[in-house]
Amino acid sequence: MSTAVEKRTARIELQDQTVELPVLVGSENEPGIDVSELRNKTGYITLDEGFGNTGSCMSSITFIDGEKGILRYRGYPIEQLAERSSFLEVAWLLIFGELPTKTQLARFEELVKQNALLHQDMRHHFEGFPASAHPMAVLSSMINACSCYHPELLETENLDENERFLLIVAKLLAKVTTIAAFSYKKSIGEPQRYPDPKMDYFRSFLHCMFSVPYDRYDPEQEVVDALDLFLMLHADHEQNCSTSTARMVGSSGANLFASMAAAVCALWGPLHGGANVACIRMLQKIYKEKLPLATIVEQVKNREFLLMGFGHRVYKNFDPRALILKRAADKLLDKLGIKDPLLDIAKQLEEVAIKDEFFLERKLYPNVDFYSGIILRAIGIPLDMFTVMFSIGRMPGWIANWKEQYDQPRKKIYRPRQIYTGQTQRDFVPVEQRG
Ligand code: CMC
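As structure tokens, then:
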């Protein structure tokens, strides 16, 4: 990993002292003040709730310029990758740093195919979950359970032997799709379908999701391509909530499976990966109740309504993933001959919102979740599984970030400070004397 360059210093004037701190500049000229010595030198810490101004690491995986709507994986623009690459190729790029050669890619695809089966005993775990279990809870539990069946994967020693790490990566990317499909089958009371190594990654996954014993599901190529695109666009997004979780858990030395299970939980929330579900629910509500869009916008302004799939902590102009997915949604629905009223509502809502002062002032635009749900619906993915799909997509980014941190010569556990605002010291009162 290339490190940021120290260019100049920043002087911080405190009440009683002045301190000079190094300014580091990244490869895209992003400057940052290195405050790691601030407390040692002054006794002060920095406070940044929500971490909007805090860099937690130096990373060479993904670059985002939120003002300009730029997203690049390892330097490659997302638009080029969306047009010309595939999910597994991008997964390799993110995790190993360079695009794979033809031989590397073919071998990687084969390894992923060959590792999709779960240990047979793991099927009993699915029987133990109630049919109503949330698939994100099942996904997280089962990723962790994988480590019980593959103890060799718990070893974090010598991961630098590339072959061993490659196998772990293939197992994770493959097994996560099987777990997702098995949990879906359980939730609808259908028999689980085994992955088929004769099929490619996506066809095998869709087969596990939608084939029944008397009818094998054979998706149109456009469905496979749309799924590939959806997952690729979700593959990484620098230091978001779930990726930071993967790094944080990994920083304690926890293994890859434990760290990935934790990242799935972090993604679950509606302000993060769960937004794609919340967005479709919102569009469904607008459709069912025939709510006028002007009323929705008024409610948003009165803080009675959060427009799901809008706004982003980093993008303050447009989210390039949303632009690509909007076009892809149009193309897929057209090809499949689907007329989804939710897509029309989404487009109209965007039209109204992007001309409104409230949204313009706050730089609120559709994010990746605004159109992705329309694509997943068209593919036949049930709403409950949307965030699981996001997890499958984000897995390469989590792994890449976990490994980047693992490879650091000087490992440091994540341990933020706080500014304590509770009671100052007081004496214990025995229970008989409390009022
Ligand atoms: N609808 C209405 N108002 C909003 C929205 C929204 N979706 N998002 C932000 N605002 C307003 C917010 O009320 C605030 O207004 P004011 O300054 O008057 O109080 C202003 O915009 C700034 O909002 P913020 O909460 O400080 O922004 P943030 O950077 O902390 O939050 C966000 C980012 C994504 C959590 C937020 O925009 C949001 O809750 N969006 C809806 C949920 C969503 O779509 N999440 C998916 C994010 S993309 C997928 C991912 O990366 O996980």
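Numbering of the sequence shown is given in the working numbering, commencing with residue 1471 and proceeding in unit increments.
All residues carry an ideal CB built from backbone N, CA and C; glycine is no exception.
Fair warning: this is a prediction, and the values are worked out from it, not measured in the lab.
| Item | Value |
| --- | --- |
| Below 6 Å, is the gap between the Cβ of residue 1832 and the nearest heavy atom of the ligand CMC? | yes |
| Between residue 1745 and the ligand CMC, is there a pair consisting of the residue's CB and a ligand heavy atom that are separated by less than 6 Å? | yes |
| Could you work out which residue in 1725, 1758, 1779 is closest to residue 1744 when comparing CA atoms only? | 1779 |
| Taking C-alpha atoms, which residue in 1796, 1488, 1737 lies nearest to residue 1514? | 1488 |
| Do you know offhand how far residue 1817's Cα is from residue 1882's? | 46 Å |
| Here's a check: name, in chain order, each residue in its chain whose Cβ is nearer than 6 Å to the Cβ of residue 1498, leaving out the five neighbours to either side. | 1533 |
| Using 8 Å as the cut-off, can you tell me whether the region 1742-1756 makes contact with the region 1852-1860, which would need three or more C-beta pairs spanning the two stretches below that distance? | yes |
| Put residue 1535 into one of helix, strand or coil per three-state DSSP. | strand |
| Spatial neighbours of residue 1572 within its chain, please: C-beta separation below 7 Å, excluding the five flanking residues on both sides. | none |
| Is the beta carbon of residue 1644 closer than 7 Å to that of residue 1725? | no |
| Closer than 6 Å to a non-hydrogen atom of the ligand CMC - does that hold for the CB of residue 1778? | yes |
| Check whether the Cβ of residue 1444 sits closer than 6 Å to any heavy atom of the ligand CMC, and report yes or no. | Past the boundaries of the shown model lies residue 1444; the chain is included only from 1471 to 1905, so the question cannot be answered. |
| In chain order, what residues of the same chain lie with their CB nearer than 6 Å to the CB of residue 1907, ignoring the 5 residues before and after it? | A query on residue 1907 cannot be resolved here, the shown segment of the chain reaching from 1471 to 1905 and no further. |
| From residue 1880 to residue 1874, what distance separates their C-alpha atoms? | 12 Å |
| Which ranges does the beta strand (DSSP E) cover as unbroken runs of at least 3 residues, wholly within the region 1488-1530, from first to last along the chain? | 1488-1495, 1501-1503 |
| Check residue 1477 in the structure and name its three-state DSSP category. | strand |
| Do residue 1495 and residue 1475 have their C-beta atoms within less than 7 Å of each other? | yes |
| With 16 other CB atoms within 10 Å as the buried threshold, where does residue 1663 fall? | buried |
| Sorry if obvious, but does the Cβ on residue 1770 come closer than 6 Å to a heavy atom of the ligand CMC? | yes |
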